[in-house]
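Be aware that the sequence shown starts at 1, since it is given in UniProt numbering, and climbs by one per residue.
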Amino acid sequence: MADLALRPEASELLKAYPSQALYQPTDVRKWDQLDHAFEVAGKEFGGYDIVCPGAGVYDPPFSNFWHPAGTALSKDVHSASRFASLDINLTHPIYATQQAIAHFTENKKPGSIVHISSIAAQGPVMSVPMYCAAKAGISHFVRSLAGLETPPASTDLASIRVTAVAPGVIKTPLWTEHPEKLAWIDGAKDEWVEPEDVALVMLSLVERDEHVGGTVLEVGKGQTREVHVLNDVGPSGSGHTVSGLGKGIDEVWEILSEKKHD
1 MADLALRPEA SELLKAYPSQ ALYQPTDVRK WDQLDHAFEV AGKEFGGYDI VCPGAGVYDP
61 PFSNFWHPAG TALSKDVHSA SRFASLDINL THPIYATQQA IAHFTENKKP GSIVHISSIA
121 AQGPVMSVPM YCAAKAGISH FVRSLAGLET PPASTDLASI RVTAVAPGVI KTPLWTEHPE
181 KLAWIDGAKD EWVEPEDVAL VMLSLVERDE HVGGTVLEVG KGQTREVHVL NDVGPSGSGH
241 TVSGLGKGID EVWEILSEKK HD
């Protein structure tokens, strides 16, 4: 596990399985720290077979399209010429995939890489445009690497399966610890997808033969379906709705109106 800090659930896992679980403090925006996390995994476990670049943020105020670098809430640095949210949600998974592919290829061993996309990859939302862009990028990145699972026999390369889950509204701290986003949820209309359900679908992407490289599986409440590249019907069913998204859009109009009078 590589992240800035551990959630209580992860800490309990470390206590329960001290010889099978390891935590490496990592800022996924820093490539050298990601390199070190992979090195530690290789040293402690003799390598790895599955990689999940799962760190993510939901367009927080500190790195948000509607709060540009230099404004009060933003922590993005203008001179750095980058958005932290894109570094976390898009660049870090791409870089981690490079590292995983190098490991599997150099060691001539099959491997699996499972990414975290979202229904936001298909459902653009004005209030969180960078999140939507990042998740759309992840889905198409995964599809672009589908061929790695079946390399030509003449190459003698290992089979590498790259897939993704595209969950709906998951009950995680991305929502529950951000009151401004949680206010968009209507408890009478909207339903949560539990993290455990997403984890089980991720496991199926590794284990089941029918989930070939390039597969993107949508995960709702009690349902899954494959998301197709063309003519897809889009997210539907329980666990996919956020009834108060309009509140976030209203906030965008307020921000723009304030700028008009600056």
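C-beta atoms are modelled at their ideal positions from N, C-alpha and C, and glycine is treated no differently.
Query raised in the report: Among 31, 7, 217, which has the Cα closest to the Cα of residue 162?
Result: Against the sequence shown, residue 162 aligns to sequence position 162. When only C-alpha atoms are compared, the closest one is 217.
Requested in this report: State the start and end residues of the unbroken alpha helix (DSSP H) segment that holds residue 33.
Outcome: As a position in the sequence shown, residue 33 is number 33, starting the count at 1. It spans 31 to 45 - the alpha helix (DSSP H) in which residue 33 sits, taken as one unbroken run.
Query raised in the report: Using CA coordinates, which residue listed in 102, 222, 135 is at the minimum distance from residue 159?
Result: Residue mapping note: residue 159 aligns to position 159 of the sequence shown, counting from 1. Relative to residue 159, the option among 102, 222, 135 whose CA is nearest is 102.
Query raised in the report: What residues are listed by DSSP as bridge partners for residue 220?
Result: Counted from its first residue, the sequence shown places residue 220 at position 220. According to DSSP, residue 220 shares a beta bridge with 223.
Report task. Could you tell me whether the segment 66 to 86 touches the segment 140 to 159, using the rule of 3 or more Cβ pairs below 8 Å? Result -> no
**Report entry** Nearest neighbour of residue 20, chosen from 29, 65, 48 [CA to CA]
**Finding:** Here residue 20 corresponds to residue number 20 of the sequence shown, with the count starting at 1. The shortest C-alpha separation from residue 20 is found at 48.
Requested in this report: Go to residue 138, then tell me how far its alpha helix (DSSP H) extends in each direction, as first and last residue.
Outcome: If you number the sequence shown from 1, residue 138 lands on position 138. Counting along the chain, the alpha helix (DSSP H) containing residue 138 begins and ends at 129 to 144.
Query raised in the report: Quick one: what does DSSP say residue 231 is sitting in, helix, strand or coil?
Result: Within the sequence shown, residue 231 is the residue found at index 231, counting from 1. Reduced to three states, the DSSP call for residue 231 is coil.
Requested in this report: Might you give, ordered along the chain, the residues of its own chain that have their beta carbon closer than 8 Å to the beta carbon of residue 62, omitting 5 neighbours on each side?
Outcome: Within the sequence shown, numbered from 1, the residue matching residue 62 stands at position 62. If you ignore the 5 residues before and after residue 62, its C-beta comes within less than 8 Å of the C-beta of 73, 74, 75, 76, 84, all in its own chain and listed in chain order.
**Report entry** Nearest neighbour of residue 99, chosen from 35, 90, 139, 203 [CA to CA]
**Finding:** The sequence position of residue 99 within the sequence shown is 99, counting from 1. Comparing Cα positions, the closest option is 35.
Query raised in the report: Going by C-alpha distance, which of 215, 222, 230, 22 is nearest residue 281?
Result: The structure shown does not extend to residue 281, since the chain is modelled only from 1 to 262, so the question has no answer here.
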